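Inspection log for the structure reproduced underneath, given as structure tokens.
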Amino acid sequence: MSSNGGTTSPGDEDLVRIASLTRQRAYAPYSQYRVGAAIRTRRGKVTAGANVENASYGLTVCAERNAVFQAVNAGEKGFEVIAVVADDLPRPCGACLQVLTEFCEPELRVILASAAGAREVARLADLLPRPFKLEQRD
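For what it's worth, this note's numbering labels the leading residue of the sequence shown as 11, then goes sequentially.
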């Protein structure tokens, strides 16, 4: 049930349930690969997203990015954990990991969960140890 990021708590399992419910709203007519994600801020606010495919496959948006973008659009930042649910244990793509790096600390816990109940927990820094970074200018 764990990896480098630790184990799951009852609050984490609630986050997994939200991601699992959100997964039901995925739009995946091409791959049939339905993914749900839920991200929680340090203040306890949860935002969720599902993957949305497009016939022009490069325009597809993954569940993880959908959840992050919705949270940021709502003015949220300071994330502590994200849960990602798919049929089998999901593996976030590089684009999703890069987006998480933009808005999250390297210690962000990433809970990967299968629909059957398998769990793996990792830190963002372990999933993407050398992210692309630019100096921010105000």
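Yeah, the Cβ is synthetic: ideal placement off N, Cα and C, and Gly gets one too.
Here the structure is a predicted model, which is why all the values come from computation and not from measurement.
Query: Residue closest to residue 131, alpha-carbon to alpha-carbon, out of 35, 119, 39; Result: 119
Query: Three-way DSSP call (helix, strand, coil) for residue 67 in this model; Result: helix
Query: Presumed contact (8 Å Cβ cut-off) between residue 52 and residue 85, rounded CB distance; Result: 14 Å between Cβ atoms; not a contact.
Query: Where residue 128 sits in the DSSP three-state scheme; Result: coil
Query: Residue closest to residue 19, alpha-carbon to alpha-carbon, out of 40, 98, 91, 39; Result: 91
Query: Alpha helix (DSSP H) runs contained entirely in the segment 37-120, provided each spans 4 or more residues; Result: 73-83, 104-113
Query: At least 3 beta-carbon pairs within less than 8 Å: the segment 67-78 vs the segment 41-49; Result: yes
Query: Three or more C-beta pairs below 8 Å linking the segment 110-127 and the segment 54-63; Result: no
Query: Where the alpha helix (DSSP H) through residue 23 begins and ends; Result: 20-33
Query: Alpha-carbon to alpha-carbon, residue 128 and residue 98; Result: 8 Å
Query: Segment limits, alpha helix (DSSP H) that includes residue 144; Result: Premise fails: residue 144 is in no alpha helix (DSSP H) and is neither H nor E.
Query: C-alpha gap between residue 36 and residue 145, whole angstroms; Result: 35 Å
Query: Buried versus exposed call for residue 136 [16 or more other C-beta atoms within 10 Å across all chains shown]; Result: exposed
Query: Expected contact under 8 Å - CB spacing of residue 78 and residue 110 to nearest Å; Result: 7 Å
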